[in-house]
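In our numbering, the protein residues as written are 8 to 288.
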């Protein structure tokens, strides 16, 4: 007999300008969380700087590596979602929340052998695989089709972006967009949902797609804001990422809370009911 399709949480409709509210709430969370929030931005900035240091004279690789780094950003921001959730619950948003998110997440799972246990790992691996695929595709495309060897950002700007003859930059952008669009649709609320509720990977991805399809204009606006702020951070010699990355991470939590009514799914934090019930086990 065919399996029944997974039950998905209810997805709400939002207004076009709602993403601006998410950014305002994100700044509030950053102010309340303090240094631990900005430490995430600093860590991601240092990671970006390391990528630049390794590939600065190989821009054919740098372009793909930096954009691939952005693909896995929803996973890297997991503890930012946890900080926003803690603030929402009135709990301390400190280093302990971050350490629990990354080092003790398996404590919230009942069945260590079930698919639910590995869903966040699986999603992170899929995003990492997509990023690796884009790095290889981008590098091959620029290396094979560029009229001259591309070694520096100036070479890329002069011989790819501003080239009068040829369509390499347009092809590169089209392929990047072709990859980015389904990844955005699959991940826009998936990681916050997996962190917050006992959902399967399929439920999380389908819910994310449902949120995008049900709110095409607000989500297109949200994607444009993410791209714009990210380019601003990259264009400021990566220093802007110290604030941009935590802002987008916290805002993504509020996007999830506005878009998804996940009350039909059990909470992932198995200890929370026992802490609030006042009944001894």
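Idealized CB from N, CA, C, for every residue including glycine.
Annotated three-state conformation of residue 19 is coil, per DSSP. Residue pairing of residue 274 in beta bridges, as defined by DSSP: 204. Residue 268 sits in a strand when the DSSP states are folded into three classes. The C-alpha of residue 29 lies about 12 Å from the C-alpha of residue 233.
The beta carbon of residue 199 lies closer than 7 Å to those of 88, 259, 260, 263 in the same chain, with the five residues before and after it left out.
The continuous alpha helix (DSSP H) containing residue 105 extends over residues 102–110.
Put simply, the backbone Cα of residue 82 is about 16 Å away from that of residue 251. Nearest C-alpha to residue 130 among 148, 166, 19, 207: 207. Note on residue 189: under 16 other CB atoms within 10 angstroms of its CB, so exposed under the neighbour-count rule. Judged by DSSP secondary structure, residue 34 falls within the alpha helix (DSSP H) whose first and last residues are 25–40. With 16 or more other CB atoms across the displayed protein chains lying within 10 angstroms of its CB, residue 257 is buried. When 97, 43, 54, 56 are compared, the shortest CA-CA separation from residue 86 is found for 43. Rounded to whole angstroms, the Cβ separation of residue 197 and residue 184 is 20 Å, and the two are not in contact under 8 Å.
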